[in-house]
Amino acid sequence: MRRHLIILAVLSVSISGCLAVATPARGILYTDVQFGDVSTSATGSTKEGKACAESFFSLIAVGDARIATAKANAGITEVSVIDHSTKNILGIYGEYCTVVKGK
Numbered sequence: 081m082r083r084h085l086i087i088l089a090v091l092s093v094s095i096s097g098c099l100a101v102a103t104p105a106r107g108i109l110y111t112d113v114q115f116g117d118v119s120t121s122a123t124g125s126t127k128e129g130k131a132c133a134e135s136f137f138s139l140i141a142v143g144d145a146r147i148a149t150a151k152a153n154a155g156i157t158e159v160s161v162i163d164h165s166t167k168n169i170l171g172i173y174g175e176y177c178t179v180v181k182g183k
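For the sequence shown, our numbering gives the first residue as 81, with consecutive numbering after it.
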């Protein structure tokens, strides 16, 4: 019985992985969702920057998904849209990205 509880606990942690990240739709087995966050009155988006953080086995998470990093990656000074995406595969691999569009 104790062995079953340990296995259940490990599976629960593994599945929760990046699913704790805010996303409009979650899949326990697989998640691949893109969603919008902010839109400004700025027009003429000519550049797109992306910044991501990743998790592995729901045990290790690394990366930098900040808006400032996404802006710097594309040389954006005027933001028109901020979007996000999440991906999770069985809690084994997870990814959270911020996508910034602007000039």
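No residue lacks a Cβ here, since even glycine has one placed at the ideal position from N, Cα and C.
For residue i: DSSP bridge partner residues
i: Phe137; result: In DSSP, Phe137 forms no bridge with anything.
i: Glu128; result: Lys181
Boundaries of the beta strand (DSSP E) in which residue i is found, first to last residue
i: Thr111; result: Tyr110 to Ser119
i: Thr178; result: Tyr173 to Gly182
Neighbour-count burial assignment, residue i, 16 or more Cβ in a 10 Å radius
i: Ile140; result: exposed
DSSP state of residue i mapped onto helix, strand, coil
i: Thr166; result: strand
i: Gly143; result: strand
Where the alpha helix (DSSP H) containing residue i begins and where it ends
i: Lys151; result: Ile147 to Ala154
Cβ-Cβ distance between residue i and residue j below 7 Å
i: Ala150; j: Ala131; result: yes
i: Ala148; j: Tyr176; result: no
i: Val118; j: Thr103; result: no
i: Ser125; j: Gly174; result: no
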